[in-house]
Each structure stands twice: as C-alpha cells, then as structure tokens.
Amino acid sequence: MTARPIQFYFRGAVQTISGQPATRSVLQWLREDACATGTKEGCAEGDCGACTVVVGERDDTAPGGLRLAAVNACIQFLPTLDGKALFTVEDLAKGNELHPVQQAMVDCHGSQCGFCTPGFVMSLWADYETRPAAPTRDQTLSLLSGNLCRCTGYRPIIDAATAARAQPRIELDRAPVRAALDQLAALPALDYHCGDTHFTAPRTVAELAQTYAARPQARLLAGSTDIGLWVTKQMRALPDLVYLGAVAELRTVTREAQHLLIGAGVTLTEAFAALTDAQPAWQELAERFASMPIRNAGTLGGNIANGSPIGDSMPGLIALGASVVLQHGDTTCEIALEDLYLGYQKSALQPGEFVRAVRVPLGASAPTHFRTWKVSKRADQDISAVCAGIAVWVEDGLVQSARVAYGGMAATPSRARRCEAALKGQPWSADTVRSAMLALCADYMPLTDMRASSGYRSTTARNLLWRFWLETGGASVVPTRIAEVLA
Amino acid sequence: MKAPHTVIGASLPHESARLHVSGRAHYTDDLPLPAGALHAAFGSAPLAHGRITAMDLAAVRAAPGVLKVLTAADIPGENNCGPVLHDDPILADGLVQYWGQPAFLVVATSHDAARRAARLAKFEFETLPALLTAEAAMAAESWVLPPVQVNRGDAVSALASARHRLQGAVDLGGQEHFYLEGQIAIATLRDDDTIHLNVSTQHPTEMQHMVAHALGWRAHQVSVECRRMGGGFGGKESQSSQISCAAALAAWHTKRPVKLRLDRDDDMTITGKRHDFHIEWDVGFDAEGQILGLALTLASRCGFSADLSGPINDRTIFHADNCYYLDAVAIRSLRCKTNTVSNTAFRGFGGPQGMFAIETIIDDIARHLGRDPLDVRRINFYGDSAGEQRNLTHYGMKVEDNIAPALVEQLARDCDYAARRLAIARFNAGSPVIKRGLALTPVKFGISFTATMYNQAGAQVAVYSDGTVLLTHGGTEMGQGLYTKIRQIVAHEFGLPVEDVRLSPTDTSRVPNTSATAASSGTDLNGKAAQAAAQAIRARLAAFIAARNAVAATEVVFAGGRVVAGTEDIAFAALAAQAYRARIQLWDAGFYSTPKIHYDPQTMMGRPFYYFAYGAACAEVALDTLTGESRVLRADILHDVGRSLNPAIDIGQIEGGFIQGMGWLTSEELWWKPDGRLMTHAPSTYKIPAVSDCPPVFNVKLFEGENVEDAIHKSKAVGEPPLMLGLSVFFALRDACAAATGGPVALSAPATPEALLRAIGGLETPAEAA
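So the sequence lines, in the order shown, correspond to chains A and B. Going by the working numbering, the letters in the first sequence line up with residues 14 to 500, in that order. Going by the working numbering, the letters in the second sequence line up with residues 37 to 806, in that order.
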C-alpha cells in the first residue's frame, strides 16, 4: 500500500489532512484545528452527545446515494473520516436563515444554557434528512437517546422534533457531496502515517486478512465506541491501527432460511434491525442498547470481539446458538459464540485472527420461546447491571433444550449451565422454572461495583427467568413489563 | 406615566437561542486564544487521607510539551480557594484530604500534553485514617463547622404526650451537577500587574478576590468576565475558584495566557456535589396525622472543607418545615467533616434535603395511620395568614402569603388525584409484577440569600446617541434566562423592542462587588438594579422632552420605540440624539438591596426570606417488582412564579428543575470504592435523566397570582424551587413500594432499581410472583 493523507468532504470541499496523529479525534480536529467550535466537548466518551456530528457515506440504497448518520465526534478518530463527508452544526443555517430543526428549537424554547444544543440539532438534522415523515414520540426518544440535556427536562426538544416538520422543507443537496465522495472512492485504500502512528484501512476482506496477519500487533478498529475511550480516557498509545470500516464485504447482512449472517462491520443499528426482523424479541434490547449515535458507529462484530462482560448483544446471541466466523489469512473457521470467551478480556482469537461474521440460526432450529433483556439504572444509554438471553425449545410440554446466558454476572458473557440442566427434560412449568432459578444461584458469583451489588445481580438474574416464564409459559399475568403501561 | 406591559410577560425566546442552535454562542472554551497561550492540567493525589512524604515530578517535567510544573510552594499569595473559611487549598500542601485532590499543576503547550503529563507523578504517602461517610464522621464527632441546634417549643414533652409516635432514619444521596460545560478558566496577564480572566462562573467577584489573594495582589488588579455558562446549578458558585486561581497562577509564572479546562472525569472527581444526608427523626402525632412534636437530626457530609456548607445546612433547617407547621420541634444540624470532596451549592442549596426529611416523615405517618399521604399533608399545612394560628415558622418568620393549600387543591382537582388514586389501587390489586404509585407533594421555598449582605446588586445601562441600549449587571447567565429577563425589563422602561437592547458580558470591572448568581435571586436583584438605572436615564429623557412641551415629566410615555409628550411624538432614537447634543447623561448605574430581611445567625431567628415561592407536583410511576426498574408515567405541575416576566422561560425552569430533582432521587447515584475513590465520575457511570425519562404525560401550569411583595414586576424567583417538585416522583415510588409490600416502606434515595428492590424486600429471595 502507498501512504497518502486523509481526505474527506467538509464545508463544501475535500479536506486533505496530514501531520495529525492517527488517534486525533474528529472533535479535537474540529475545535482546535478547523476553528469550528460549534461542536462541543461534554464528556469525551460518547455519552453526552454535545459533540454529535453527522457523517455521510456512499450508499446506493440511500436517497441521493448518501447515507447520513449521527455519531459522537469525541471518540471518532480522524482517519476514519477518509472517503466520507462530515457535517457539523455550522453547516445548517444559510446565513441568518436557520434550518427548520434550528428554528423549531428556538420556537419551542428547546435551549437554555445551549451547550448541548448543537448536538441535539445534529441528531434532529440526521433524522430530518433520513426520515421523510415527522418522527413519532417513540422515534424521537430513540433518535435523541444519545443527547443529554441538564437544563430543559427534554419536553421542548421532543416537541421541536415534530415542529421542525411543520415548516417548509429544506433538504441537503446530496449530489455534490456524492460526487466528491465518488472521487475519493477512486483513491487507493488509506494507508496513513504520522509520526509513529500508522493507520491502514483495507477495502477487501482479503486485504484486511493479509494486513492483519502481517501486523498481528496492530489494533483492529471498527466503530471506536470503546477503543476511542482508550485514548481519551486512558491515554493509551495506539500506534498501529487497522480499520475495518472501509471493507464493504464486512458490512453486509445475509438472511437465508436457516440463518442470518451479519458481517463484522455491520453497525449495531443495522444489525439490530436485522435481528429484530428475524426475532421481534430483540426489540426492547435494541432500543436500550447504548444510544443512537453509538449504535450508528459501533458494530455488532466489535461488541462481540471486544468481549466485555457487559456487552449486551452476546447473551441473546448465545441463547440463540449463534456462532462466529473467524478468519486468519486465507483460513476461516467457525466456533460457538460462547467459546470465543476464555476469561476476562481473553478471547480464543489468535494473533492476526479476526471476527469476520456472526451467524444466527433461524427457521427450524429457532427456539420455541426467546427473550433478551437488560437491566440498568437508567432505561436508555446505560451499561447493564445484568443482561439476559433466554431460549427454550419446548415440545409436547417438555423442555427439549434450554440455552440461558447472562452478561454482568461473570468475567465474560456466559451460559448458565446448571440452570439449563434444571430446565432440560422437565415439564415447562412454574415448578421447573423455580428449580431453575435455584440452580441459577450456583452458576454465577457476580461482582459488586458502581452499577449494582452482587446480591442485586443474582436476584435480578433469577427474576428475569421468572418473567420469561410469565411471558411464555401461559400464566396470565399482565403486565409483566413497564413498557406495557407506558404506552 | 407607565407604559402598558408589552414586553413584560411575553414568552420571548432566550436571548441567545439563535446562537445556541447554530453553534455560534461562544462559551469560554470557544474563545480564540492569544498567541502563545498554554494549557494547564491538575495532577491528582490518589489517596483519601494522608501526608505526601515524596512527590517525584521529574517525569512530569520531562514529558513532551511541558513548560512548567507548579506546586503549593509556587503560590505567591495565599494557598486557599475556600469562600468562607480558609481551609481549602488550591494545591494540596503536604496533606491530602480526599482521593483525587489536586497536588500540582502542569502547564504545557496543549490540553492533551498537559493531561498526559499530569499522570506521570510518583507519590509516596503516609496513610492516615479516612472518614468517608456522614455516619462515620458523626461517630468520630468530626465537623467542618460546629453543630447547630434549633428549638421551638418543647419537643421532648410533645413527643412524650403524643398519641402516636414513630422513629426512623433514612439516607439521602448527593448529586453531581453535571453542567454540560465543565469547569474552565482562561487567565491573561495584562500590563502594569493586572490580569484578566474569562471564567465559567456564577460568581465573578469571588473569583476576582480569590485570584487576588492567591497572587498576593489587590482586587483592582484582577478582572473577571463571563458571558455565559453551559450550565452551573450551583457548581460554579464557589468551586470555580480553584480553577480560576490555578489558571491565574500558571499565567503569572509563565507570563503567557493559560487555559485550564477540566476533563469531565477530573471535574467530577475534584469538584463538590450536593450534600448527601443521614437523617434521623422521632415524631409524635395525633390520630389525624397532625404533627405534635418532632426531633430531627440532619447530618450532612460536607467533605474535607467548609466551602458553603454553613449556609447550605442552615437552609436545610429553614426548609425542614416545607409547607407544614411544626409546633414543637428540635432540629440538630450536623456538618460532618469527611475525607471526601468538599460538597457545595446545588440548586436548592440544602433546602431540598430538609424538605425530603419532612416529606418522608409525613409519608411514614400516613402509612402508619393508613391514611392517604395527601390528607396528612393537608392537615399539617400552615394556617392562612389572616388568622394568627399556625403561621409562624420555627425560625420566627411569619408565613404571610400561604397559597400552598389553595395551590394544592387546584392541582389535586386538575390532575384528578382522587379518581386516579382509586384507579391505581384497582390496577395494583390485579397486577402482581408491575405496581403503580401516586404522590402529590408541595413546595414552599424561601427567597433571599440567608446571609443578608448578599442581597444587593448593581447594573449599568448605557443609551447611545443612536438610541440603542447596552447594559450589564452583576448576574451571570447559566441558561436560566437571566439576560433575557433583564433585557425585557430594560426594554420595557424605554418602551423599546428587545432587539434595541443588548447585554454585554458580566465583568467585575463594569459592575463591582456583585453577589453570586445563586439563591434564585438573579432576576429579583439584578432586574431591580437594571430597572433603577434605566429609570434614572428615562427620567432625564422625560424631563428633557417634557420641558419643551410644557407637560409633567411623569406624563411622558415611552412605548413602541417612540416617546410621546403632549403633542410631540418622536422616535426614541431621535430623542436620544437630541438629548446627547443637549449634554444630558445617557448612562447610569442602578443599585438594589432587598428590603425587610433580617436574620440573626447566632439564634437562627428572624426573617431570612423576602418571600416564599410555592408549587406542587403530582407524579404517577410504574415499578417493576422483578428488577426494581421504574418509570414516571405522568407528571402534573402547578407552580407559583408570581406574575411571570416570561412564561416560556419560567416553564422551562419548572420542567427542567422537576426533571433534575427527579434525577437526584432516582437514577443519579454517586458510588465510592471503600478506599474513598469516586467511581461514578463520568456520564458512562453517573446517570442523569435522559430523553425517555421525560414523562409521556407532562402537564405544567403557572399558578395565577402575583407576588405580595414588591419584587420586580410582581414576579417571583424560579431558579431553585421547581427542583423540589421532583420529590413527588420519589414519594410516588414509595407509594408503589407500599403497594408491593402492603406495609411500611424503607426506601433510601436515590431510588435506583437496587434500592427499590431492597425496599420491597425483593433482594434476598427469588420473587414469588403469581
């Protein structure tokens, strides 16, 4: 590969960037180098949304061939913008004429201190550009899930999301953006050096496999929703990065009769859409998983490969019997997802090996009943105290098979083998579930930390199993979830 | 003659709204830096309590980009940023008093370089025993300030003779401000031994004095400016001084401009929070639930230094009655000294904790008697002011405008409290897993700084010869809409559209000796001062035009951008130009001091408040008894802002305050490791309400009425009181817990899922639903 600078579309022209460390954040570049201070830093960890910007990518299925998504600029590394378009709050108004989402925020009194406001405006704008009709209230809550406001209490901002649609529509002229991105797409794959930092963005799986096999010490980077914090919070040096985001093959979802195959580069937004489509029980977890901008940037493959004990996708996937396709050089293999995790931050991945895809069984092998839930202090954008994935296969009133997995209960997401054993072969009944709840006590020895105590985690894990029974076992308890009374 | 109210009472947008939404509003971090500017970062000591026996800074000094590393020894003046007692070092001098306390300051070429270098210090310590909680400090009798006792009547006899008696204790958590814009200061040396600071602060004057003391200078050498903050909530009242002093120190040493912007984790680690409390009570009451005697202990965790803990805890005492008459009462207020960050002002300033205590007691009384808590609240209300019964607070102030009963009745009617109470009971009877709860709680909040001297303000108003107006005042804008309201007040005096009136940034060199923008007083004080300045100028203009039209100056009308005197009708701008040529003074200063207030800090008796602001909220919640998770389903609020200056801004304060109060009592949990290290130091771990926590049904109304006192245009302060409306959510959750257990409820705050599950006895054994 030949080295070249980073190139992306910004303020109507292609920007060419060199001389910046590969781990410089988009936000640092905006505020400190581009003198574009409209985008704010509130937390530098992707949790407050004050830094929300919109990134545009080539996508022939999107209007104008341009897909737009809100992301957190504070944890995106500058080289990941290569070949993309960057929009910030300063791009919206034309002179003194505010964009409808901005005008609606003024009209609805949606700003007080104003510091979070640019982030809200960009989340609203991304939605405005991507959803033709006004969002419903639930859609508004979802699209603003990554933006914190400490002043308003949110009501006027929720109102602004719909008020913006009552004004004459002003749309982004996508043609020149797409044309610029097409030109950038003709450039060779990015291989960027600055000082002692190196960032490579292969375009094919073969290139990726080859690059990573040759540089096994490199850090694989996808959405940077975790790795970004290693830099902003832990001050870690990441001198060698290999980026998955430019590999088109990894960004595909294939649904066949017997399985769903999700490429490692598929964003969480897209992955959960596919999962929910196949198994509606994913819906609640999909909404509570992180926030909109994190789901837009983060990938399912990254959540899995990262292997955090509190990664929220894994319990459900393990319960469904998902497997991961691993690749090293030209060689691929496939293992059960739970077998990927050997211990705290220890995976079965060999140096130079990467997660290529996740396979989720469908059709005949799908369970009779499946649920996946998370429990946290706050409904949205919080890290789980406990996350559960529960699946049972019931035939003639007997549990043929059960797969029960939890996050937050051990050093890795893991199956509750004793609990499963207590279910298997037993009648699908309240008594069976009660004995499985008792068995579950022996499966885990959870930690106490700032999210929850050990006792809370154990109790809640058991209670989620009980709720699973209430919802699937024919008992007529209604409601079983707050969501049902919120409507 | 007064012009009709056109601007006053209008729901104008925030004066910076268009700047906010377009990213053009400049916060301190957005200001262009002068050439050669440097960046600073604190280096923190990782220990709760101990002596530094060695601090090796060699690696810090050698780190890339580092120009200077400063310690306590490099402070030319006083090493203190404590606002009341001088017990709060800018940089720890040998003694570390909480985990993460700044011990040195790195000055480097970039923010990133300074932060990276700050982590490279090597400490050696002699570890000292650390007191981490209020209860531990109580046992050790460790205080930042002496205990305070307030008695009225004979609580001991009243308790002994009461038909019913209950004792209890509850823990109430603190709260991180989580202003979206972190603490920041930029210090720039100017010539002739002067320095200018741009600081995100609610208290520029205090920053001025603290910086002067730290440098060993006098006040007139330091100027401090703040155009706007990205939120303050009390967290930038006293606590911005450590940042200001450090930035000034770095600028003084390097002779270059220095910016000190705290990273979020540093900000949450080294700045104080709302005081958490341990509360104990003994209450006697009759069969109806009327309180006859109360002994109350209010112990707050102040942290390692006094900061504002004295007046904060005083306000807790003053609000332990909320809306209720306490006949025989004995309150013991303990100001616990702990080896934790120094807790500070936070919206409500101790008041919310006092109200939490009495509301908990009332709720317990109701559950003990099997009565609706709202009925017990009603029976304990202060009497109306006409009769002389039950209307004197335990600190000797008469409640003269008790609108709480009327306000509560109106809200109860509007939100259909009684019918919903029945419907919820029916729902709960048939719902074993999800329980609903309902609570209606009132608020009475005293308005004025309890330290009487702070109840003063100044403003300067300038009319230029083209008729435009520029003004400045001592208050600061943190999002609450102060600048917007002051602009309305001044525009009204001149009969001008608000577009003709601008505000320049708050600056200690323009208006001196200002009080903190705090205690909800910003508009009351600065609005009156700005009004006085504008009226002085208007009087001169009126006299000028009246003279030539042979009418009385009081007959001149300023309205619609024009001035009318007899038959003359002239544009304001034209009159201003004529007045300038006639050598009439077109600028002036205004001053205001709040009347009627007095208070003896020794006896804690007097009239500390000019008036009270009232409100009430009714919240309905759902509780998941399997996980302890909860949501607010509906909230109804009726709040008293007197005659509103700007209803849109007032409603914004009410809604935002309610949600912030709700967050304090539900999801916002501060959690320390046993070694005293705060682990919830970023939004990933500290959870303020997010968008879906906004109740799906949220009805907010202003109570019709006007201030009985002569506050600015008969309005009332609105900054803090609405926070306490959030209490309704906590007590609705308590109600849902009671529905789950059928018995008494011991629920600590914040009511996290874990706290709620514990309160319903669900933590130990598997829930046996169905």
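The beta carbon of each residue, even a glycine, is placed where N, CA and C say it ideally should be.
Exercise for the section: Spell out whether any CB of chain B is found under 8 Å from the CB atom of I396 (chain A). Expected result: Taking the first residue of the first sequence as position 1, residue 396 (chain A) is located at position 383. For I396 (chain A), the answer is yes, since a Cβ of chain B falls inside 8 Å of its Cβ.
Exercise for the section: Taking only the alpha-carbon atoms, compute the straight-line gap between V600 (chain B) and A589 (chain B) and give it to the nearest angstrom. Expected result: The sequence position of residue 600 (chain B) within the second sequence is 564, counting from 1. The sequence position of residue 589 (chain B) within the second sequence is 553, counting from 1. Taking the straight line from one Cα to the other gives about 11 Å.
Exercise for the section: Starting from the Cα of S345 (chain B), find the closest Cα among B:T374, B:L332, B:N379 and B:L362 and give me that residue. Expected result: Numbered from its first residue, the second sequence carries residue 345 (chain B) at position 309. Nearest of B:T374, B:L332, B:N379 and B:L362 to S345 (chain B), Cα basis: B:N379.
Exercise for the section: Can you pull the chain A residues whose beta carbon is under 9 Å from the beta carbon of P409 (chain B), in chain order? Expected result: Residue numbering aside, residue 409 (chain B) sits at position 373 when the second sequence is read from its first letter. Within 9 Å Cβ-Cβ: nothing; P409 (chain B) doesn't reach chain A, min ~22 Å.
Problem - Start and end residues, alpha helix (DSSP H) containing H509 (chain B) - result: As a first step, residue 509 (chain B) is located in the second sequence; it is residue number 473 there, counting from the start. Counting along the chain, H509 (chain B) falls outside any alpha helix (DSSP H), though it belongs to the beta strand (DSSP E) covering V505 to H509.
Practice task
Return yes when the Cβ of I724 (chain B) is within less than 8 Å of the Cβ of L242 (chain A), no when it is not.
Solution key: As a working mapping, residue 242 (chain A) is identified with position 229 in the first sequence. As a working mapping, residue 724 (chain B) is identified with position 688 in the second sequence. Not in contact: L242 (chain A) and I724 (chain B) (Cβ atoms no closer than 8 Å).
Problem - Three-state class that DSSP yields for Q394 (chain A) in the structure shown - result: In the first sequence, counting from the first residue as 1, residue 394 (chain A) sits at position 381. Of the three classes helix, strand and coil, the one that applies to Q394 (chain A) here is coil, per DSSP.
Handout entry: alpha helix (DSSP H) segment containing Q413 (chain A), residue limits
Key = Counting from one through the first sequence, the residue named residue 413 (chain A) turns up at place 400. Careful: Q413 (chain A) lies outside any alpha helix (DSSP H), inside the beta strand (DSSP E) at L411 to G420.
Problem - Exposure of G402 (chain A), with buried meaning 16 or more beta-carbon neighbours within 10 Å - result: Translated into positions along the first sequence, residue 402 (chain A) becomes position 389. With 16 or more Cβ atoms within 10 Å of its Cβ, G402 (chain A) is classed as buried.
Handout entry: Cβ neighbours of A398 (chain A) in the same chain (closer than 8 Å, five flanking residues each side left out)
Key = As a position in the first sequence, residue 398 (chain A) is number 385, starting the count at 1. So the qualifying residues of the chain are V388, S389, K390, G421, R464, A465, Y469, R470 and T473.
Problem - Contacting residues, own chain, Cβ-Cβ under 7 Å from E395 (chain B) (five flanking each side not counted) - result: Taking the first residue of the second sequence as 1, we reach residue 395 (chain B) at position 359. Closer than 7 Å at Cβ, skipping near neighbours: N358, T477, L763 and F767.
Exercise for the section: Show which residues of chain B have a CB atom less than 7 Å away from the CB atom of C164 (chain A). Expected result: Locating residue 164 (chain A) in the first sequence gives position 151, where the first residue counts as 1. Per Cβ cutoff of 7 Å: G267, G515 and G692.
Practice task
Would you verify that the beta carbon of D660 (chain B) is, or is not, closer than 8 Å to some beta carbon of chain A?
Solution key: Within the second sequence, residue 660 (chain B) is the residue found at index 624, counting from 1. Chain A contact via Cβ: present.
Handout entry: Residues near A39 (chain B) by beta carbon distance below 8 Å, same chain, minus five either side
Key = Here the question's residue 39 (chain B) lines up with position 3 in the second sequence. Note on A39 (chain B): pLDDT 45, under 50, position unreliable in the model; no value is reported.
Handout entry: Neighbour flag for C451 (chain B) against chain A, beta carbons, 8 Å
Key = Taking the second sequence and counting its residues from 1, one reaches residue 451 (chain B) at position 415. No, C451 (chain B) does not count as interfacial toward chain A.
Handout entry: CB contact check: R292 (chain A) to chain B, cutoff 8 Å
Key = Your numbering for residue 292 (chain A) matches position 279 in the first sequence. Just to set this straight, residue 292 (chain A) is Gln in the shown sequence, not Arg. Judged by the 8 Å Cβ criterion, Q292 (chain A) is not in contact with chain B.
Problem - CB contact below 8 Å: C129 (chain A) versus chain B - result: The residue labelled residue 129 (chain A) in the question sits at position 116 within the first sequence. Chain B contact via Cβ: present.
Exercise for the section: Note down, in chain order, each residue of its chain lying with its Cβ closer than 7 Å to the Cβ of G329 (chain A), except the 5 sequence neighbours on either side. Expected result: For this step, residue 329 (chain A) is matched to residue 316 along the first sequence. Closer than 7 Å at Cβ, skipping near neighbours: W295, L298, T385 and G402.
Practice task
Please state if the CB of L443 (chain B) and the CB of Y650 (chain B) are separated by a distance shorter than 8 Å.
Solution key: Sequence index remark: in the second sequence, residue 650 (chain B) carries index 614 (1-based). Sequence index remark: in the second sequence, residue 443 (chain B) carries index 407 (1-based). Yes, Cβ-Cβ distance for Y650 (chain B) and L443 (chain B) is below 8 Å.
Handout entry: Residue ranges of each alpha helix (DSSP H) within the region 298-383 of chain A, 4 or longer
Key = 305-310, 313-319 and 327-332
Practice task
State the Cα-Cα distance for the pair E756 (chain B) and N682 (chain B), rounded to the nearest angstrom.
Solution key: Residue mapping note: residue 756 (chain B) aligns to position 720 of the second sequence, counting from 1. Residue mapping note: residue 682 (chain B) aligns to position 646 of the second sequence, counting from 1. Roughly 16 Å separates the two Cα atoms.
Exercise for the section: Could you name the residues of the same chain whose beta carbon sits closer than 6 Å to that of V184 (chain B), not counting the 5 residues immediately before and after it, in chain order? Expected result: For the purposes of this step, residue 184 (chain B) is identified with residue 148 of the second sequence, where counting begins at 1. Correct list, in chain order: S369.
Practice task
With DSSP collapsed to three states, give me the class of N115 (chain B).
Solution key: Position 79 of the second sequence, counting from 1, holds the residue named residue 115 (chain B). Of the three classes helix, strand and coil, the one that applies to N115 (chain B) here is coil, per DSSP.
Practice task
Give a yes or no on whether the C-beta atoms belonging to R428 (chain A) and V412 (chain A) are separated by under 8 Å.
Solution key: Walking along the first sequence from the start, residue 428 (chain A) turns up at place 415. Walking along the first sequence from the start, residue 412 (chain A) turns up at place 399. No; because the gap between Cβ atoms is not below 8 Å, this pair is not in contact.
Exercise for the section: Rounded to whole angstroms, what's the CA-CA distance from F321 (chain B) to L405 (chain B)? Just pull it up for me. Expected result: The count along the second sequence starts at 1 and reaches residue 321 (chain B) at position 285. The count along the second sequence starts at 1 and reaches residue 405 (chain B) at position 369. In a straight line, the C-alpha of F321 (chain B) is about 10 Å away from that of L405 (chain B).
Exercise for the section: At 9 Å on the CB atoms, spell out the chain B contacts of V134 (chain A), in chain order. Expected result: As a working note, residue 134 (chain A) is residue 121 in the first sequence. By Cβ distance, chain B contributes H56, V57, S58 and G59.
Practice task
Verify whether the separation of the beta carbon atoms of C281 (chain B) and V258 (chain B) is less than 8 Å.
Solution key: For the purposes of this step, residue 281 (chain B) is identified with residue 245 of the second sequence, where counting begins at 1. For the purposes of this step, residue 258 (chain B) is identified with residue 222 of the second sequence, where counting begins at 1. Their beta carbons are not under 8 Å apart, which means C281 (chain B) does not touch V258 (chain B) by this criterion.
Handout entry: M304 (chain B), DSSP secondary structure in three states
Key = As a position in the second sequence, residue 304 (chain B) is number 268, starting the count at 1. In the structure shown, M304 (chain B) sits in a helix (DSSP, three-state: H, G or I).
Handout entry: Length of the line joining the Cα atoms of Y134 (chain B) and G159 (chain A)
Key = On the second sequence, position 98 is the one that residue 134 (chain B) refers to. On the first sequence, position 146 is the one that residue 159 (chain A) refers to. Their Cα atoms are separated by approximately 32 Å.
Practice task
Out of A:R369, A:H112, A:L460 and A:P215, point me to the one whose CA is closest to T93 (chain A)'s CA.
Solution key: By 1-based counting over the first sequence, the position of residue 93 (chain A) is 80. It is A:P215.
Handout entry: Every unbroken beta strand (DSSP E) inside the region 133-157 of chain B [3 residues or more]
Key = 137-144
Exercise for the section: Could you name each continuous alpha helix (DSSP H) segment of 4 residues or more that falls completely within the region 112-182 of chain A, going from the start of the chain to the end? Expected result: 113-120, 130-143, 150-156 and 168-176
Practice task
Name, going along the chain, the residues of the region 15-41 of chain A whose beta-carbon falls closer than 7 Å to a beta-carbon of chain B.
Solution key: none
Practice task
Compare the C-alpha of L505 (chain A) against each of A:R431, A:M305, A:L234 and A:C454 and name the closest.
Solution key: In this structure chain A extends from 14 to 500, so residue 505 (chain A) is not present and cannot be described.
Exercise for the section: Using a Cβ-Cβ cut-off of 8 Å, state whether F140 (chain B) counts as contacting chain A. Expected result: Reading the second sequence from its first residue, position 104 is the one you call residue 140 (chain B). No - not a single Cβ of chain A is within 8 Å of the one on F140 (chain B).
Problem - Per-residue DSSP class, three states only, for F313 (chain B) - result: Within the second sequence, residue 313 (chain B) is the residue found at index 277, counting from 1. Reduced to three states, the DSSP call for F313 (chain B) is strand.
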